[in-house]
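Only one structure is covered here, and it is reproduced in the block below.
Chains as they are written, first to last, in the working numbering: chain A, 163 to 976; chain B, 63 to 323.
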């Protein structure tokens, strides 16, 4: 019998009722008395010098309150970057200014130049069209490899070059890695592109700034995954507002996927303008603006080499990556290709020597930052693709090759700075083989053949580092913040309680899953527990939601606070029952004294805490509210094995996903239904990246996939039924729940499975195609197939294994 | 969107009169024009909605057995008719239910989007486009990308489709928009086969005459074996090269012939 409540049960998500019935309260639902609207005039060229801005006509147009330009922000801080990477020579990264509104130059299509505040949105747009901006257009910096050559046009004139940093990891291992390659029996090399993506949460970004004339207090309502972080970054670094005068509220948020982590110019603008205009100022992004102002994801061009001995044991791994930063450094951008990517390069394998080089490059494109998985999908994709290629080159079974190199003893210290606490990679592989019915593949292959379709099978493993992150460790790695989480548990007199958590929920189901934990700890029904989040006026502090950290870190803080509550409640119960608190037990919402028949209900104790008539007032304060901060002492390491079966239409190149199976080890599980949903969503996004999504720029820096007419989002009918399993559980050893996190796994583990499957299908059909760059659109697959036989027309130059990979993962024709 | 005025005439005559205003623009189902206006890429001062004109809606047959579809008839209604199954199947795959319940055939053929589906059906079926002023053979109607034989203010009131002995439309969807990257409509009549291609050419919808000749002799996919479409003049973009589109024309034509039976 499955459990019907508490940890391990799958109650339906309580928040879904309001989401599905239109009763959610999103930022755009917030309208303040007297609010004005801002429209941003954005650059339509990728790179240029602003010669002049003529606002004379616009300023006099109906409804215009005020027009702002970069000049208005000249004396104010720029948008800060939350991470400083130290390069391989020991120097800090190059860090450009990131003005709220463009000042002097525009650096990407979509860069805001002017902000028009008006009585209505239409009036603001009308006035923006009357502004005349004279821009001296400059050549766009698009190609990453050309961007770092001597004499290249610079995105930022005051920096030495377009190179943000040249990172070596671990630099001291480089020589040993090079030696291992010289001694290798076999070396497999693969050049590949991790395609640039646009997150496209269903709800576009919104900001409403408010300033109280009487008190000077500011409030910002914003679509953020971490309102406390926005308060700190914007208050301290941009606008100079102390945190006690600034409240940031992120109410219901319609999806984030990473792109709502970061502090954006529009938030700072609305907060600033609310005071400047002495009235609330609101901005709601259009979908078109979202394409050119939300931080993009991925965009790596990599070369990976795997050295093996004669027995197929991995002896060394070496990677060389160009990572696109875009025009400015978004909040966590520098960490994604480094500390969220390099430390994953060992994967599930005991490769003894690893060296990762990453060159982060400024280009005239939208800033690139974390997107579901953030660095870990890029690492996993490289590794699992090169292993598949190595298996093929050496005539080994790809599963057997992986198995013989698996890490099997834990804890395991990788050569890339992290120590895995637990895992069982053979177990997830065994489970995958079972649930994917690999035994039936040959029959399905034959059946596909009767329909003229090429069937292929792709398998891969993944490991991720999440539950981000130990503050002392990330501090050493360049983080400018700690990555703990906090929670306050406030028990009310009648026994119900509120958990105020710094973990933000924007679709993850915290309001359902978190109470399951507390309900189990105390033994009260889940509906007595309310989760409050998304408001700096409530939770004491919050580092927010990303990196699959909510339950592992935020949930652990909640557990610690609840433990404090229980400890205090036991003291109260002990006093009332005239026993020692050491003898008090709490079970099923009832306090008992061991060895006696004395008992006291949970509600009696909570009432006593607030009506302290019979209460140990000498030893204990009244009230029942506790706060805990939890700082993890390691990452968590979910892992798993994924399998994809595809059919390729040989006449058109169209790929269809026929079967998809995922065997994950997330440690302990609180709500299996929510975990299923997280994995489903992650796989859907991974399949989107693998088959459909391509954020493309042309050589002039124009975004050519700037709407859903050209940017292919995955749809339900692009997906097969998923078979997911998370029964393999090696609990995390260092957090109180033993949980590892499941939010990103699907997006990390699925792209290589898809690409491995397509390459397998083509190889089985006699086509010598070793790699195709994502997305594997019909046009690219068809071109690759015909390149293999006719030796003409590659899918993308970077797909070639000849070393001719271009330094760009960006657009152009298929 | 900019401010505009809107009129809803109830008769064709009133609509024609209203469209004489220089500022006026006809509005069919609005599935192209409204998004364009929302992007502020079009700024008509006055919209003349054709949605309230009963005489432009509905489907029936004329004495020659042609299927006569009012210009104001929605894709959804066309998808629901059973007299011309290949046309119904085409309509059923345009956009999504919301688009199909608003968009009209008259609006679509008047717009002549190079990636629209109906122009292929019209051309392959040798349809007649009827306006408030005249009748225009499909061969003379579609003049190039977003260009038709329509005069200013002229309204497509009806499209008359001869119903072929066998027909099929194959759409190979562009992955993002799901408009045809290449769409091929094959129609077999007693006096020959017509093949029309949409989505592929920089010149908009066109007939593939070599295939028509071959298929008129031998209505099977094998008849196309020795034919190839030149990539010259084919659209080349993010979603496919001209060569790929040219290749798909042959593949989709063969599939349409096979499916038509």
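All residues carry an ideal CB built from backbone N, CA and C; glycine is no exception.
Only a predicted model underlies this, so the values are computations on that prediction, with no experimental measurement involved.
Check your understanding: Interface residues of chain B around residue 919 of chain A at Cβ under 9 Å?
Key -> By Cβ distance, chain B contributes nothing, its closest Cβ being about 18 Å from residue 919 of chain A, past 9 Å.
Review point. Is residue 904 of chain A helix, strand or coil by DSSP?
Key: coil
Check your understanding: Rounded to the nearest angstrom, how far is the Cβ of residue 171 of chain B from that of residue 179 of chain B, given a contact under 8 Å?
Key -> Between residue 179 of chain B and residue 171 of chain B the Cβ distance is about 10 Å, and since that is not below 8 Å, they are no contact.
Review point. With respect to the alpha helix (DSSP H) encompassing residue 260 of chain B, which residues constitute its N-terminal and C-terminal limits?
Key: Unbroken run through residue 260 of chain B is the beta strand (DSSP E), 254–260; no alpha helix (DSSP H).
Practice item. Please name the residue, chosen from B:187, B:67, B:167, B:315, that lies closest to residue 94 of chain B on a Cα-to-Cα basis. Key: B:167
Check your understanding: For residue 172 of chain A, which residues in chain B fall below 9 Å Cβ to Cβ?
Key -> Near residue 172 of chain A there are no residues of chain B at all, since even the closest Cβ is about 32 Å away, more than 9 Å.
Check your understanding: So what's residue 312 of chain A in DSSP terms, helix, strand or just coil?
Key -> coil
Check your understanding: Along chain A, in chain order, which residues have C-beta atoms closer than 9 Å to that of residue 259 of chain B?
Key -> Under the 9 Å cutoff, chain A gives no residues; its nearest Cβ is about 15 Å from residue 259 of chain B.
Review point. Can you name the residues of chain C whose CB is closer than 8 Å to the CB of residue 854 of chain A?
Key: Looking for chain C here will not work: the only protein chains present are A and B.
Practice item. Use the C-beta contact count for residue 762 of chain A: other C-beta atoms within 10 angstroms, 16 or more gives buried, fewer gives exposed. Key: buried
Point to revise | Cβ neighbours of residue 153 of chain B in the same chain (closer than 6 Å, five flanking residues each side left out) | key: 137, 140, 141
Point to revise | Counted within 10 angstroms of its Cβ, other Cβ atoms place residue 208 of chain B as buried (16 or more) or exposed | key: exposed
Point to revise | Entirely enclosed alpha helix (DSSP H) segments - the stretch 170–252 of chain B, minimum 4 residues | key: 180–187, 200–203
Check your understanding: Can you list, in chain order, the stretches of the beta strand (DSSP E) that have 3 or more residues and sit fully within the stretch 425–471 of chain A?
Key -> 443–446, 462–470
Review point. Opposite residue 799 of chain A in the DSSP bridges: which residues?
Key: None; residue 799 of chain A has no bridge partner.
Practice item. Return the chain-ordered list of same chain residues with a C-beta closer than 7 Å to the C-beta of residue 385 of chain A, the five sequence neighbours on each side being excluded. Key: 189, 365, 367, 368, 412, 415, 422
Review point. What are the boundary residues of the beta strand (DSSP E) that includes residue 245 of chain A?
Key: Note, residue 245 of chain A: premise wrong, no beta strand (DSSP E); not H, not E.
Point to revise | For residue 201 of chain A, three-class secondary structure by DSSP | key: strand
Exercise for review: With 8 Å as the C-beta to C-beta threshold (strictly closer), list the residues of the stretch 855–884 of chain A near chain B in chain order.
Suggested key: 856, 858, 866, 867, 870, 871, 872, 873, 874, 875
Point to revise | Straight-line gap, residue 391 of chain A to residue 717 of chain A (C-alpha atoms, nearest Å) | key: 18 Å
Exercise for review: Measure the beta-carbon distance from residue 66 of chain B to residue 109 of chain B and round it to whole angstroms, keeping in mind my assumption that it falls under 8 Å.
Suggested key: 6 Å
Practice item. Alpha carbon to alpha carbon, how far is residue 563 of chain A from residue 474 of chain A? Give it in angstroms, no decimals. Key: 7 Å
Practice item. Please specify which runs of the beta strand (DSSP E), each continuous and at least 3 residues long, are wholly inside the stretch 834–901 of chain A, giving them in chain order. Key: 884–887
Exercise for review: Quick one: using the 10 Å Cβ neighbour count with 16 as the cut-off for buried, is residue 305 of chain B buried or exposed?
Suggested key: buried
Point to revise | For residue 886 of chain A and residue 908 of chain A, the rounded distance between their alpha carbons | key: 10 Å
Review point. Along chain A, in chain order, which residues have C-beta atoms closer than 7 Å to that of residue 341 of chain B?
Key: The question about residue 341 of chain B has no answer, for chain B in this structure spans 63 to 323.
Check your understanding: Do residue 271 of chain A and residue 212 of chain A come within 9 Å of each other at the CB atom, strictly closer than that value?
Key -> no
Exercise for review: Within 10 angstroms of the Cβ of residue 712 of chain A, are there 16 or more other Cβ atoms? Answer buried if so, exposed if not.
Suggested key: buried
Check your understanding: Is there contact between the stretch 532–546 of chain A and the stretch 280–290 of chain A, where contact requires at least three CB pairs shorter than 8 Å?
Key -> no
Review point. So is residue 306 of chain B in contact with chain A if we call contact Cβ pairs under 9 Å?
Key: yes
Point to revise | For residue 664 of chain A, the first and last residue of its enclosing alpha helix (DSSP H) | key: Note, residue 664 of chain A: premise wrong, no alpha helix (DSSP H); not H, not E.
Exercise for review: Measure the CB-CB distance between residue 704 of chain A and residue 698 of chain A and report whether it falls below 9 Å.
Suggested key: yes
Review point. Taking Cβ positions only, does residue 291 of chain A come closer than 9 Å to chain B?
Key: yes
Exercise for review: Could you have a look at residue 386 of chain A and say whether DSSP puts it in helix, strand or coil?
Suggested key: coil
Check your understanding: Once you ignore the five residues that flank residue 952 of chain A on each side, which residues in its own chain have a CB closer than 8 Å to its CB?
Key -> For residue 952 of chain A, the pLDDT reaches just 29, beneath the cut-off of 50, and the residue's location in the model is therefore unreliable, leaving the point undetermined.
Practice item. Return helix, strand or coil for residue 329 of chain A, following the three-state DSSP convention. Key: strand
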